[in-house]
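Data block below; observations after.
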Amino acid sequence: MKHPFKGFGLLYYMTAWAVIIIAHALVLIYGYSISARAAIIDSLFCNLLLAGLGFSLWWAIQYINPKTQGVVGTVISFAVIVLFGSYVVNVVCGSVLHTVFTSEATYLQFAKDSRPWRLVTSSLYLSIIILVYYLLKHSFSLTQKEKEEAQLQTLLKQSELEALKFQINPHFIFNSLNSISSLTLSEPDKAREMVIKLSEFLRGSLGQGKSEMHTLEEELEQMHLYLDIEKVRFEERLNLSLAALPEVMTARVPNMILQPLYENAIKYGVYEQLKTVDIRTHCYFEDSRLVVKVSNSYDSTCKPQKGKGIGLNNVRSRLELIYGFPDLVTIQREKDLFCIKLEIPQNSIT
Amino acid sequence: MIKAVIIDDEKLARDVIKAYLKNTEVEVVAECPNGFEGIKAINEHEPDLIFLDIQMPKLTGFEMLELIDHPPVVIFSTAFDQYAIKAFELNAADYLLKPYNEKRFMSALEKALTKVEQPDNGAEKIVNTHREQLEKLERVVIRSGANILIIPIDDIDYFEAQDDYVAIHTGGKKYLKQMTLKWVEDVLPSDRFVRVHRSFIVAVNAIDKLEAYSKDAYIAKLKTGETVSVSRTGYSKLKETLNF
């Protein structure tokens, strides 16, 4: 931290001293009937010396602190500095002014009488300055710490968000590659198409150069790639439908937020069921929120093989991190229909 | 001619195997999209060799194998399953990681064909090793006459040791399965199931009340009306789990 009384701070410092100097002079003139000339010079000389000393005490503060010297050590060090400083200032003031005002008897008498009091006031001034320095230093390091903490928080949030983004299911990748391998034997054209879809999907989900948010339309296109690939794998076992008005397509949604929903639907539906599975998507506005509902038929008597909604927990935490509301994900489980409802706040909606 | 059955829920995956088998001495007698049809086809055709996917709807490849008395030689195929791969490697079994090329396929096939004539082809051992690798059990598959039952562990009231078998009691019915109570204890969630006796593991939710039987023994009355013996250590384990 640089000296607090440098630049703009110096103005405050000098203003405070100017007030002291004026008050000091006025007290001398009206309280002790000392000539204006002597009073002003006395006030200026003494107080400017103190101001200079006080200003330089900042550097002493840097080397004396309770962490290295203990509280008692610090207090003793400063007591010595303050007392010695004010003593020196007063001795210098006294001797110099004495030679200047040899002819003014009232002033010389007053200067002699007031010596102990001057010692007390100048010690007080210096102590106050030290306290102010400590106060400023403390509040500075506090705001510094707060800033660092805030920075850390945003970093943490970012990395958490990164981690919560869709992690590609290895089963999906390798099984898709196996389907492609099979298609190269029978239908090379379809194989090529699937390779392209898989690449596009992977590029999107690896998220390079992708912004955190995009429109629902882009999100659904991305999901379409994924579902198309799954459709090649599962053929007639997978049945997809979408219900959405054109106006919802411009709504903003986090990148890849729907992925775990579809993955879940496929896991519970297609992976665990022998008959055809319907996956329905319904998007609409409700107040200022975009609602996306993804539902799939499933067999309630069947337990999934592994994994317990980690993907859905990720969606929940991600939405909470982005929007600051909990409970943006609701799961409705009926007899043979599993439905996940996402609510995505839309602030800029008119 | 060697008879083979392909069991995989994805048609394209079955197509690859069929294509690779075209110019070999192996004849594909059946293609099955799931484990249920797989069991039917194996009973009907008695193949020498099966190609078996692991992750399939309702019944995994391992669960299907458990339900077959004398499994034929198996070539497993899987996309990604660390436990399965460990089980294969421990038994030097033939397995294919999807996707695989013809060369890899042929070497697996060759290895499998040498086993076709042997009485112990290792399939059962793989099932057991895989069982040991498993960390938690979520459902039990049982063959009951011509039916196959998939029982989620939540539906099970208690397990009872009976010689080489464990009796699974669910809703007043009882099914036998070849396994050990020790293994069952290891793979069940310990907050929901407690080994209350040398011969019993009980679901804590199934217990209606506990009664003192003698100085060192208790009886757990279940909601189904059945009773289960509880030893002194079993009683203190229950106490710990249920916090009473």
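Chains as they are written, first to last, in the numbering used here: chain U, -2 to 347; chain E, 462 to 705. For every residue, glycine included, the Cβ atom is placed at its ideal position computed from N, Cα and C. In this text, all values refer to a predicted model and were calculated from it rather than measured experimentally.
So is the beta-carbon of Asn504 of chain E under 7 Å away from any non-hydrogen atom of the ligand HEM? Looking for the ligand HEM in the displayed structure turns up nothing, as the structure carries no ligands at all.
Supposed close pair Thr641 of chain E, Val627 of chain E - CB separation, criterion 8 Å: 7 Å
List the residues of chain E whose Cβ lies closer than 9 Å to the Cβ of Glu215 of chain U, in chain order. Near Glu215 of chain U there are no residues of chain E at all, since even the closest Cβ is about 29 Å away, more than 9 Å.
By a C-beta neighbour count over all protein chains shown, 10 Å radius and 16 as the cutoff for buried, is Phe107 of chain U buried or exposed? buried
So what's Arg653 of chain E in DSSP terms, helix, strand or just coil? coil
CB of Ile467 of chain E within 8 Å of CB of Glu486 of chain E, strictly: no
Where the alpha helix (DSSP H) containing His95 of chain U begins and where it ends: 63 to 97
Measure the beta-carbon distance from Ile127 of chain U to Phe75 of chain U and round it to whole angstroms, keeping in mind my assumption that it falls under 8 Å. 6 Å
Following the continuous alpha helix (DSSP H) through Met11 of chain U, name the residue where it begins and the one where it ends. 5 to 23
Got a sec? Which residues, its chain only, sit under 6 Å from Met517 of chain E by beta carbon, not counting five neighbours each side? Asp470, Asn495, Gly496
Just tell me which of E:Asp652, E:Ser690, E:Leu671, E:Ile680 has its CA closest to the CA of Ser660 of chain E. E:Ser690
How is Lys303 of chain U classed by DSSP in three states: helix, strand or coil? Note that Lys303 of chain U has pLDDT 47, beneath the 50 cutoff, so the model's placement of it is unreliable and no number is given.
So which residues on chain U does Phe541 of chain E lean against when the C-beta distance must stay under 7 Å? Pro167, His168, Phe171
List the residues of chain E whose Cβ lies closer than 7 Å to the Cβ of Glu232 of chain U, in chain order. Lys472
Close beta carbons around Leu80 of chain U, own chain, < 7 Å, minus the five adjacent residues each side: Ser120
When the Cα atoms are used, what is the spatial distance from Tyr259 of chain U to Thr575 of chain E? 44 Å
So, is the C-beta of Lys576 of chain E closer than 8 Å to a C-beta in chain U? no
Neighbouring residues, chain B, relative to Lys519 of chain E (Cβ below 9 Å): In the structure shown, chain B does not exist; the protein chains are U and E.
Taking the alpha-carbon positions, what's the Pro613 of chain E to Lys501 of chain E distance? 23 Å
Where do the N-terminal and C-terminal ends of the alpha helix (DSSP H) with Leu558 of chain E fall, by residue? Segment 555 to 558 is the beta strand (DSSP E) holding Leu558 of chain E; no alpha helix (DSSP H) there.
Which same chain residues end up closer than 6 Å to Lys682 of chain E when comparing Cβ atoms and leaving out the 5 residues on each side of it in sequence? Asp669, Lys670, Thr688
Does the Cβ-Cβ distance between Lys519 of chain E and Leu217 of chain U come in under 8 Å? no
Find the residues of chain E that neighbour Ser178 of chain U, judging by a C-beta separation of less than 7 Å, and give them in chain order. Val477, Pro560
Any chain U beta carbon closer than 8 Å to Ala667 of chain E: no
What are the residues that DSSP puts in a beta bridge with Glu283 of chain U? U:Arg286
Could you compute how far the alpha carbon of Ala465 of chain E sits from the alpha carbon of Leu649 of chain E? 36 Å
Limits of the unbroken alpha helix (DSSP H) element including Ala465 of chain E: Unbroken run through Ala465 of chain E is the beta strand (DSSP E), 463 to 468; no alpha helix (DSSP H).
Please report how far the alpha carbon of Ile177 of chain U lies from the alpha carbon of Tyr295 of chain U, in whole angstroms. 28 Å
In this structure, does DSSP put Val487 of chain E in helix, strand or coil? strand
Establish whether the CB of Ser202 of chain U and some CB of chain E are separated by less than 8 Å. no
By how many angstroms is the C-alpha of Leu473 of chain E removed from the C-alpha of Phe213 of chain U? First, the amino acid is wrong: residue 213 of chain U is Leu here, not Phe. Each residue's alpha carbon lies about 32 Å from the other.
Cβ neighbours of Leu180 of chain U in the same chain (closer than 7 Å, five flanking residues each side left out): Lys187, Ala188, Met191
Alpha carbon to alpha carbon, how far is Gly633 of chain E from Gly304 of chain U? Give it in angstroms, no decimals. Note that Gly304 of chain U scores a pLDDT of 49, beneath 50, so its modelled location is shaky and nothing firm can be said.
DSSP-derived helix/strand/coil call for Leu158 of chain U: helix
Compute the distance between the beta-carbons of Lys559 of chain E and Ala573 of chain E, then report whether it is under 8 Å. no
Residues, ordered as in the chain, of the region 235 to 258 of chain U that lie near chain E by beta-carbon distance below 8 Å: none
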